[in-house]
Each structure stands twice: as C-alpha cells, then as structure tokens.
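For the sequence shown, the numbering used here assigns the number 1013 to the last residue and increments by one with no breaks. I have placed the structure first, in the form of structure tokens, so that the comments after it can refer back to it.
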Amino acid sequence: MSRDIPTPLSGDLLADEFELTLQELCAVCRVPVERIVELAEEGAVVPLGRDVGSWRFRAVAVYRVRSALRLQRDLGVNAAGAALALELLDEIGCLRARLGPAAD
C-alpha cells in the first residue's frame, strides 16, 4: 500500500510570512548559491538581510527563481533579462488586478 507523502514547500505551505534561508532556497530550486546570488544582484529575488550568510527569502522567491530559471533555459536570456521579464510580468499582474474581471 503506497501513501502519498506531501513534499515540503508544496503550494499549500507557501504563505507570505514563510521564509527560507539561502541554503533552503538553493535546495528547493536545485541550484547552487551562485545562481541565487546572481538573481538577487539583478533584482529577480529580494533577499532579507544584509550579508549573503544571513539572507532569508519570502516564499514567493521559490516561484521567482523557478520562473527565472525557466526563462534562462527556454529563452536563453541572462539573469538581467530574466529579472526584467519577471518585473514586466509583475506589472501586467498589477494592471490586470486594477482592471478587475474585465481584464480576463
């Protein structure tokens, strides 16, 4: 008899107040620290804390890192291009929210 064991950091657990360390974010996204640092330097993710060793990330960083990685892999953009694309997607989301149901 097999049981479905929920994976850590599933969609249900990613609340806004949930935070991850740099190492946890790297583990969840399966990337080395250098990739996260590069994305943070470009503004794709915003770390909480001053120095890299004490960085923490809000749960939304998982989505943003994975999205940036997909953009880099699928479209061949660099970290700066991925950060810009994420910023534009955020802006589109805000505009759609302001327009309400008519935007869909």
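Ideal placement from N, C-alpha and C gives every residue a C-beta, glycine not left out.
Query	Result
Simplified DSSP assignment, three categories, for Ser919	In this prediction, Ser919 has a pLDDT of 48, which is less than 50 and means its spatial position is unreliable; nothing more can be read from the coordinates.
Beta-ladder partner(s) of Leu929, from DSSP	Phe966
Neighbour-count burial assignment, Leu995, 16 or more Cβ in a 10 Å radius	buried
Rounded C-alpha distance that separates Leu1004 from Leu998	10 Å
Buried or exposed (CB count within 10 angstroms, at least 16 for buried), Val974	buried
Own chain, CB closer than 8 Å to Glu951, minus 5 neighbours either side, in chain order	Ala988, Ala989, Ala991 and Ala992
Outcome for Phe927 when other beta-carbon atoms lying within 10 angstroms are tallied against a minimum of 16	exposed
According to DSSP, residues forming a beta bridge with Leu957	Arg965
Residue burial classification, Val942 (beta-carbon count within 10 angstroms, cutoff 16)	exposed
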